[in-house]
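Student:
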Amino acid sequence: MTDSARVLIIIGTPYGLRHLASSSERKAAWPAEAVLRSLGRDVRSSSLWVQCADVEAAKRLTSYLRSVKAEVLAEVELGVGLG
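Numbering-wise (UniProt numbering), the sequence shown opens with residue 1 and increments by one.
#1: So, with DSSP's three-state summary, where would you put residue 60?
#2: Using C-beta distances below 6 angstroms, list every residue in its chain close to residue 62, excluding the 5 sequence neighbours before and after it, in chain order.
#3: Assign residue 40 to one of three DSSP states: helix, strand, or coil.
#4: In angstroms with no decimal places, state the Cα-to-Cα distance between residue 58 and residue 8.
#5: Under DSSP, the beta strand (DSSP E) around residue 21 begins and ends at which residues?
#6: Going by the CB atoms, is the gap between residue 18 and residue 35 shorter than 8 angstroms?
#7: When you compare the CB positions of residue 43 and residue 72, do they come within less than 8 angstroms of one another, or not?
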């Protein structure tokens, strides 16, 4: 029997949608963060949706990923990590 996904994160990027499914809040956070960071300045036009049976977990993930997005934007403004 396989463990079904409990968390679904969809990230809209200028290049299409990224669907990330995971069995836990913790396991969902890192790949979603990696997708947002990989966008660099294009993170500005990204959007995200978090679906989870646990409403509080969905709120925490949404808040966390919004802060990652803000951090990436701040780094872009400072020219950090743009090679």
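All C-beta atoms, glycine included, are put in the ideal place defined by N, C-alpha and C.
Tutor: With the given structure in hand:
#1: Counting from 1 along the sequence shown, the entry for residue 60 is found at position 60. DSSP places residue 60 in helix when its eight states are reduced to three.
#2: Position 62 of the sequence shown holds residue 62. Cβ within range, chain order: 50.
#3: Here the question's residue 40 lines up with position 40 in the sequence shown. It is helical.
#4: Along the sequence shown, read from residue 1 onward, the residue named residue 58 stands at position 58. Along the sequence shown, read from residue 1 onward, the residue named residue 8 stands at position 8. Straight-line Cα distance between these residues: approximately 9 angstroms.
#5: As a working note, residue 21 is residue 21 in the sequence shown. Start and end: 16 to 22.
#6: Along the sequence shown, one-based indexing puts residue 35 at 35. Along the sequence shown, one-based indexing puts residue 18 at 18. Yes, the pair counts as a contact, with Cβ atoms nearer than the cut-off.
#7: Locating residue 43 in the sequence shown gives position 43, where the first residue counts as 1. Locating residue 72 in the sequence shown gives position 72, where the first residue counts as 1. Yes, they are a contact pair.
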